[in-house]
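Engineer: In the numbering used here, the protein residues as written are 135 to 354.
1) Distance, Cα to Cα, residue 346 vs residue 316?
2) Does the separation of the CB atoms of residue 269 and residue 256 fall below 8 Å?
3) Of the choices 199, 222, 265, 282, whose alpha-carbon is the least far from that of residue 310?
4) Report the rounded CA-to-CA distance for residue 194 versus residue 219, giving the unit in angstroms.
5) I need the boundaries of the alpha helix (DSSP H) containing residue 246, first residue and last residue.
6) So is the beta-carbon of residue 327 under 7 Å away from any non-hydrogen atom of the ligand MN?
7) Nearest-angstrom Cα distance between residue 324 and residue 352?
8) Residue 241 and residue 213: beta carbons closer than 8 Å?
9) What number of angstroms, rounded off, separates the C-alpha of residue 238 from the C-alpha of residue 285?
10) Can you name, in chain order, every residue of its own chain whose Cβ lies under 7 Å from the Cβ of residue 303, other than the five neighbours on each side?
11) Buried or exposed, going by whether 16 or more other CB atoms sit within 10 Å of the CB of residue 276?
12) Within its chain, find whatever has a CB closer than 6 Å to the CB of residue 289; leave out the 5 residues flanking it on each side and keep chain order.
13) DSSP state of residue 347, grouped into three classes?
14) What's the gap between the Cα of residue 333 and the Cα of residue 342?
15) When you compare only the Cα positions, how much space is there between residue 340 and residue 312?
16) Report the CB separation of residue 305 from residue 337 in whole angstroms; it is logged as a contact under 8 Å.
17) What's the C-alpha gap between residue 253 and residue 199?
18) Between 344, 280, 232, 350, which has its C-alpha nearest residue 247's C-alpha?
19) Which complete alpha helix (DSSP H) runs does the stretch 252-316 hold, if anything under 4 residues is left out?
20) Based on Cα-Cα distance, which residue from 251, 263, 322 lies nearest to residue 226?
21) Put residue 228 into one of helix, strand or coil per three-state DSSP.
22) Could you give the C-beta distance for residue 307 and residue 329, rounded to a whole number, given that I count them as a contact under 8 Å?
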């Protein structure tokens with residue numbers, strides 16, 4: 135039978151492992167956002183090509199490209215104005231409109247306006263006119279930007295359908311869910327989720343590596 139001192143040491147040790155795991159998420163969280171935004175740019179060509187059929191779309195294409203250039207130059211104010219023009223020109227639910235909204239949310243997140251970014255992502259997730267791929271991506275981004283302020287159980291509930299489904303974002307949803315479990319103090323569930331990711335050959339290599347690191351940090 136373990137003594138009270140042994141129990142105290144175990145509890146402190148678990149708290150320390152949890153703190154180290156949370157610190158890792160602070161680093162990985164930024165990576166996940168960057169990864170998601172990289173995917174946005176990668177799939178943009180596919181989405182917009184389908185809509186590249188009119189002069190209006192050609193104009194929006196030019197404006198969107200100008201907004202990306204402003205982002206690359208670090209001019210967030212100009213970029214936000216241009217993204218607003220893209221959204222207003224042809225509807226917020228169309229290909230370019232959604233891309234512009236996602237990029238605007240990213241600008242707000244980068245500028246420290248997590249609440250503003252979350253509101254944009256939640257709006258996209260609730261927009262039935264948006265392609266399901268981007269609605270699900272918006273849920274992922276919303277969870278990341280509201281991670282520090284929202285209720286962990288509520289966020290986990292919103293991500294559960296994605297984490298348990300077969301969509302392209304399922305591993306991101308499961309990874310964030312693991313961190314939410316950790317934040318809520320449910321270390322056992324966090325370990326289980328990290329182990330599922332680390333052991334799944336279908337998961338992206340980067341996700342498996344992060345999950346293995348987290349599982350190692352938390353201990354067996």
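Backbone N, C-alpha and C fix where the C-beta goes; we use that ideal spot for every residue, glycine too.
Structural biologist: Looking at the atomic coordinates:
1) 15 Å
2) no
3) 282
4) 8 Å
5) From DSSP, residue 246 is part of no alpha helix (DSSP H); its letter is neither H nor E.
6) Although the ligand MN was asked about, the structure shown includes no ligands whatsoever.
7) Cα to Cα, residue 324 sits roughly 9 Å from residue 352.
8) yes
9) 24 Å
10) 270, 271, 274, 296
11) buried
12) 277, 314
13) helix
14) 7 Å
15) 16 Å
16) 5 Å
17) 24 Å
18) 280
19) The qualifying runs are 266-279, 286-297.
20) Nearest C-alpha to residue 226: 263.
21) coil
22) Wrong, their Cβ atoms sit about 16 Å apart, outside the cutoff.
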